[in-house]
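To start, the structure under review is shown below, and the notes come after it.
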Amino acid sequence: MSGRTKVCALIGDPVEHSLSPSIQNAAFEAIGLDYVYVALRVAPESLYDALSGIRALGFHGLNVTMPHKASVIRYLDGLNDDARRIGAVNTVLNSKGRLLGYNTDGLGALQALRSKGVEPEGRKIVILGAGGASRAIVYSLSRLSCQVSVLNRTPERAEGLVLEFSKGAEARLSWGPLDRENLAKELEDADILVNATPLGMRPLDSEIPVPSSLLRPDLTVFDLVYDPPETRLLKEAKSIGAKVVEGLDMLILQGAASFEIWTGCKAPVDLMAKIAREALCLGRKGIRWAMGGEVTGKPDEGNDSYGKTWYHG
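Using the working numbering, the first residue of the sequence shown is number 29, and each one after it goes up by one.
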C-alpha cells in the first residue's frame, strides 16, 4: 500500500465472515492494480457518519450489504437505472467526489444462469421468496420476454413485487402462495426454479424449500444459498439429472461486475471463483446468502421463511 493506493470496502453489519476481501484483493493483485479491499462493520445508526468518513477519506468504491442496501441511497449523489428501480444498492463508485450507486444483483443472477448454458428468454421461471434477492431478479427478468411466477408464504408481498414491476414489463409476471399445492401446479410446466429464500443454508442445510418429488430432470434449479455451495436442493436436483446453478456463481459474478465498475478492467472471473471456493473450503463459518455482493446474517424482511422448516424431502 502507498499514498496512491485506491481503497475499496464492504460496509454492512455483520461483515466478519465475508468472502469479498479474499476475492477482490486476489483479483486486484492478479492484474497489477494498486487497490486494496477491506471489510468494515457499520451499525445502522452509524451509516451517515460512515459515509461522511468515506467521502472525506476518498474511498474509491464500496460494496454494500445488509442492512444498508436501501438506507444507503439517501446518502448517495446518484443511482443507475437498475439501483433506482430495484430500490437497493450493492455497489458504490466514487466518481470525482460523487458517490454513485449501482445494483449488480440481477445482472449476477442472469450471468450465472447463462454461464451454465441456460437462457431465461422465452422460459417460465418460478421464484421462491419475495425479499431483496427476488426483487432484483424479478426486475432483471421483467425486461426479457419470459414468464415469471413469484411465490411467497405471505402472498401479499409477492403480489406487491409483481405489481410494481409489471408496468412496462416485457415479461408476463404472476404471483401466488408458497404452499405445496401451488408449488406443484407452478412447477409442472416450469423451465427454471430459483430459490431466493434462505432455506438450506448452514446451519439449516438439511432443509429443502421444495419437495424432491416435484423436481424433474428437465428443470434447471438455481439456489441462491452458497454456504454450502451444493445445498440439499441442488443435490436432490442433480441426483435426477437436472441442471443446477449454485449461489456461489451469482456471488462471484456480481462481485466481478462491481470490480469492473471500480476499475474499468475486465474481472479475472476464473481466479475469483477459485479463491471463493478455497475460502469456503477453509472453513469460513456463518450464514451466507448470495445477495448484494454478499449477505451475512439474516436475510431481509421481505422473506418470511427464515428459520421455518418447509420440507424434509
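Glycine included, C-beta positions come from ideal geometry on N, C-alpha and C.
Sub-9 Å separation of residue i and residue j beta-carbons
i	j	result
R181	L201	no
L354	A212	Residue coverage of the chain in this structure runs from 29 to 341, which leaves residue 354 outside it and unanswerable.
L104	L85	no
G145	S173	no
L47	L281	no
M278	A137	yes
K195	V176	no
A140	V273	yes
R185	A158	yes
L221	W203	no
E214	V154	yes
L308	P256	yes
V64	M94	no
A218	I51	no
I59	C293	yes
A55	A295	yes
Proximity winner among the options, relative to residue i (alpha-carbon distances)
i	options	result
F193	S170, S48, W203, R230	S170
G228	I220, V222, P237, A140	P237
R69	G40, E306, G157	G40
T33	Q175, E44, L107, N53	N53
S267	D246, S143, V92	D246
D109	S123, T119, Y130	Y130
V117	R163, S80, G157	R163
R142	V249, V178, E288	V249
L61	I303, L310, E288	E288
N210	L156, A78, E198, L189	L156
Residue environment, residue i, which counts as buried when at least 16 other CB atoms sit within 10 Å
i	result
G320	Confidence is the limiting factor: at G320 the pLDDT is only 40, short of 50, which leaves the residue's position unreliable, though a coordinate-based value still follows. Buried, since its Cβ has 16 or more Cβ neighbours within 10 Å.
R102	exposed
W317	The predicted position of W317 is uncertain, since its pLDDT is 41 and thus under 50; a value taken from the coordinates is nonetheless stated next. W317 should be labelled buried.
Y254	buried
G349	The chain is shown only over 29 to 341; residue 349 falls outside these bounds and no answer can be derived.
S286	buried
R113	buried
S80	exposed
L191	exposed
G160	buried
E235	buried
S168	buried
A71	exposed
L310	exposed
D133	buried
Same chain, Cβ closer than 6 Å to residue i, neighbours up to 5 away in sequence not counted
i	result
V297	A284
D251	N223, T259, L261, L262, G275
P231	none
S74	none
L38	S46, S48, A67, N91
E57	none
Same chain, Cβ closer than 7 Å to residue i, neighbours up to 5 away in sequence not counted
i	result
W290	C36, H88, G89, L121
A345	Given that the chain is displayed from residue 29 to residue 341, the structure contains no residue 345 and the question cannot be resolved.
Y76	Y103
L115	Correcting the residue type first, residue 115 is Gly in the shown sequence and not Leu. The answer, listed in chain order, is A98.
Contact set for residue i: own chain, Cβ-Cβ below 8 Å, skip 5 residues either direction
i	result
A10	For residue 10 there is no data in the structure shown, the boundaries of the chain being 29 and 341.
Within the region 252-315, note down every full beta strand (DSSP E) run reaching 3 residues or more, in order along the chain. Listed in chain order, the beta strand (DSSP E) elements of length 3 or more contained wholly in the region 252-315 are 272-274.
In chain order, what are the residue ranges of uninterrupted alpha helix (DSSP H) at least 4 long that sit wholly in the region 94-157? The region 94-157 contains these whole alpha helix (DSSP H) runs: 109-114, 133-143.
Pick out the complete beta strand (DSSP E) segments inside the region 187-226, 3 residues or longer, and give them in chain order. The qualifying runs are 200-205, 220-223.
Considering only residues of the region 29-107, which uninterrupted alpha helix (DSSP H) runs meet the minimum length of 4 residues and lie entirely inside it, listed in chain order? Annotation: the region 29-107 contains the following complete segments of the alpha helix (DSSP H) (minimum length 4 residues), in chain order: 48-58, 75-85.
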